[in-house]
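2 protein chains.
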Amino acid sequence: MTQDATEDRVLAAVRERRELVNDAIDEDLPMAEPERLYEATRYLLDAGGKRLRPTAALLAAESLADVAPLSTDYRAFPSLSGETFDLMRAAVSVEVIQSFTLIHDDIMDEDDLRRGVPAVHREYDTETAILAGDTLYAKAFELLSDTGADPAGGLEAVNLLASTCTRICEGQSLDVDFEGRDDVSPEEYLQMVELKTAVLYGASAAIPAVLMGADDYVVDALYQYGVDSGRAFQIQDDVLDLTVPSEKLGKQRGSDLVEDKETLITLHARQQGVDVDGLVSADTPAEATEEAIEEAVAALEEAGSIDYAREKATELTERSKERLSVLPDNEARSLLRDLADYLVSRTY
Amino acid sequence: MTQDATEDRVLAAVRERRELVNDAIDEDLPMAEPERLYEATRYLLDAGGKRLRPTAALLAAESLADVAPLSTDYRAFPSLSGETFDLMRAAVSVEVIQSFTLIHDDIMDEDDLRRGVPAVHREYDTETAILAGDTLYAKAFELLSDTGADPAGGLEAVNLLASTCTRICEGQSLDVDFEGRDDVSPEEYLQMVELKTAVLYGASAAIPAVLMGADDYVVDALYQYGVDSGRAFQIQDDVLDLTVPSEKLGKQRGSDLVEDKETLITLHARQQGVDVDGLVSADTPAEATEEAIEEAVAALEEAGSIDYAREKATELTERSKERLSVLPDNEARSLLRDLADYLVSRTY
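As they're listed, the protein sequences go chains S and D.
Residue numbers for the first sequence follow the working numbering, beginning at 1 and rising by one.
Residue numbers for the second sequence follow the working numbering, beginning at 1001 and rising by one.
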């Protein structure tokens, strides 16, 4: 297939699953009292999102069960021993964790926009945003501990999600820490990205295998598939932050740069002798003009830093796809490969 | 036994278990990287605390297993089917959840002191405090999903802890909401207290029974024991906030009153026609003089509001003790009864 055809195919797969995941979010996270709190828990989830992590979870399960994509009820999905469980609920749980981390990160990073709408702490207030995140955190574990899967697998899946959350916190802590430093090495940066972002992709792909009773080597391979494609995704995210217009991005373009967040791009540029700190003089994304961002991006392009990041993302993507050799050769596996490609080929 | 002798006995039981719980916290929450984050996760845990929730958990298990208190290794504790599991780890998990909620609550309530030391968001900063709480949240589920108990019980325990966390968030949300209202009914207040505070006592007493494979009616009774004594505890906490000197309290005395937090005491006083809003004119605890607090307390005493709260606490305590009839009649059960009494008889 041509690249366009591949992209169309994976976009269709993501879109079809997104609808199902959105319906499942409605069912598994119903409105409750106190109303304002529950509205806040749903606010970011309802603002959009491609549901890439749940999609990875659903595809991993379909490949492992060796069933045709979308042929099998996600709410009564067969484990490897034939007993059914609620795979969709597990998929929702990782999206719920993702939503919780975004809400808390936006408070910490003082980001005002997310997915084109005000961040939860702006739409509501910081107290409500902290609590909405905490509530989603609890809901994720409520959901994952109630899938009807074999209890041994269920408990292991909970342990995996919990240790993943620990790592996400460690990664966010490093990220905050890096803001005050200009001597971060590319290795430190990549480790931070792995912890902050990639492990949740890893957990998303691995949790279904754990719940289905797969062998450890399968679980590990799926986890690494997710981690590598997740790292690629985050590096690409940093590329997009610089190269996509604000309207399309759903937040101020170049905000990482204005807020002195180191990325693989700025770290590479420093090595090339670029005065990264002097690229944009504005202190807040709101103060930065489109022109100032444009000039900064041009300097980073010229130093080869944006291409460097793109190449690193491609390398990780190739490695992630190789991990999938543990799965049966089927259409769902092929879609997982395409998904990994899509994560770095997407333009927004 | 006299009341003093009873109190000595339960204090000794709490003290002995506190030492063991503190050692277990050292073992189960070891220092890791990033150092600053892990220091922040331990900061409040290490600042003190009586470990009442873990103590309730350990005593509930000892009574249910019908073993003499402290006769049995908490790290290899027998379930009802004879298999052993790490009871201590489950006990630590509820303390870790308690610590997480305090850290986040102090951010939301803008409380500067906790357990006689600066709140985590003051000692560190808000970002670190949010993350430290989030890390403890994850750690609690890592620990509870790794006790070695029968997986079915383990998964049910995780589900109970998760739904408890959801309720705690709902309770904190109501508490924040009540700050802006002066028409809160005593029933609403008691429901808020149940959600915000009491359910974690309930979970502490019930989780060991779940892990040990006890019947549902035993689990339910232990949960209700914890909820009722936890509600009594919180009402007593509100009494102590007004009646115990700041040094002994570890935070500014009367801070609830200054911050216009409704309690059962202020709600009763309103019903008695007391101008609660006019009792203290200071806007922050730091601005309020000891004399102003003293006068406010005298007015509440005169209205009978403090006695009213004390009586409500006593009533709930009596009910909580009746729930224990499902347990074997043994020394651990007797200590659980004493613990419920202690929660309302303590003076700080």
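Ideal placement from N, C-alpha and C gives every residue a C-beta, glycine not left out.
A quick note: this is a predicted structure, and the numbers were derived from the prediction, not measured.
Burial check for Thr1289(D): the Cβ neighbour count within 10 Å stays below 16, so the residue is exposed. In this structure the stretch 152-169 of chain S does not touch the stretch 1167-1181 of chain D; the number of beta carbon pairs closer than 8 Å is below three.
Under the DSSP assignment, Thr1314(D) falls in the alpha helix (DSSP H) whose first and last residues are 1305-1323. When only Cα atoms are considered, Leu343(S) and Gly1116(D) end up about 50 Å apart. Scanning its chain for C-beta atoms nearer than 6 Å, with the 5 sequence neighbours on each side dropped, one finds around Ala313(S) the residues Ala232, Ile235, Gln236, Val344, in chain order.
When the Cα atoms are used, Thr1126(D) and Val1120(D) turn out to be separated by approximately 8 Å. By the CB criterion at 7 Å, Ala1340(D) and Ser1229(D) fall inside the cutoff. Taking a Cβ-Cβ cut-off of 7 Å, the neighbours of Asp146(S) in chain D comprise Asn1159, given in sequence order.
Closer than 7 Å to the CB of Leu200(S) there is not a single CB belonging to chain D.
Beyond the five residues adjoining it in sequence on each side, Thr41(S) comes within less than 6 Å, by CB distance, of Ala132, Thr135, Leu136 in the same chain, given in chain order. By the Cβ-count criterion, Ser1281(D) is exposed, with fewer than 16 other Cβ atoms from all chains shown falling within 10 Å of its own Cβ.
A contact is defined here as three or more CB-CB pairs under 8 Å, and the stretch 1013-1024 of chain D meets this definition with respect to the stretch 1054-1066 of chain D. By the Cβ rule, the stretch 24-37 of chain S does not count as touching the stretch 283-301 of chain S, because fewer than three pairs are nearer than 8 Å.
The beta-carbon of Tyr1124(D) is placed no less than 7 Å from the nearest beta-carbon of chain S. The C-beta of Val176(S) comes closer than 7 Å to at least one C-beta of chain D. Listed along chain D, no residue sits closer than 7 Å to Asp275(S) by beta-carbon distance, the nearest being about 28 Å off. Taking a C-beta distance under 7 Å as the contact criterion, Ser1204(D) and Gly1226(D) qualify as a contact pair. Cβ-Cβ separation between Arg114(S) and Lys251(S): approximately 6 Å, consistent with a contact (criterion under 8 Å). The beta-bridge partner set that DSSP reports for Phe1077(D) consists of Phe1085(D). Inter-residue distance for Gly1273(D) and Ser1325(D) is about 41 Å (C-alpha atoms, whole angstroms). Per DSSP, the beta bridge partners of Leu113(S) are Pro118(S). Per the C-alpha coordinates, the member of Thr263(S), Leu279(S), Asn330(S), Asp338(S) positioned closest to Arg310(S) is Thr263(S). Contact residues of the stretch 127-157 of chain S toward chain D are Glu127, Ile130, Leu131, Asp134, Thr135, Tyr137, Ala138, Lys139, Phe141, Glu142, Ser145, Asp146, Pro151, Ala152, Gly154, Leu155 (C-beta to C-beta distance below 7 Å). Annotation for Gly1133(D): the continuous alpha helix (DSSP H) segment containing it runs 1126-1144.
Taking C-beta atoms as the reference points, Leu70(S) and Met212(S) fail to come closer than 7 Å.
For Met212(S), the enclosing alpha helix (DSSP H) starts and ends at 199-212. The beta carbons of Ser1063(D) and Arg1270(D) sit about 41 Å from each other, so the pair does not count as a contact at 8 Å.
Setting aside the 5 residues that flank it on each side, Ala1298(D) has no residue in the same chain whose C-beta is closer than 8 Å to its C-beta. Exposure of Asp1275(D) is indicated by the presence of fewer than 16 other C-beta atoms within 10 angstroms of its C-beta. Look at Ser1163(D): its C-beta is under 7 Å from a C-beta on chain S. Distance from Asp1112(D) to Arg1122(D) at the Cβ level is roughly 5 Å; contact confirmed, criterion being Cβ atoms closer than 8 Å.
Only those residues of the stretch 1170-1194 of chain D whose C-beta falls short of 7 Å from the nearest C-beta of chain S are listed: Glu1170, Gln1172, Ser1173, Leu1174, Val1176, Asp1177.
Here the C-alpha atom of Glu1179(D) lies approximately 36 Å from the C-alpha atom of Leu1059(D). Out of Gly1049(D), Phe1141(D), Arg1167(D), Tyr1043(D), the CA that lies nearest to the CA of Pro1118(D) is found in Tyr1043(D). Exclusion of the five residues before and after Leu1195(D) leaves Arg1167, Glu1170, Gly1171 as the residues of its chain whose Cβ lies within less than 6 Å of its Cβ. Take the alpha-carbon of Asp1283(D) and the one of Glu1259(D): they are about 7 Å apart.
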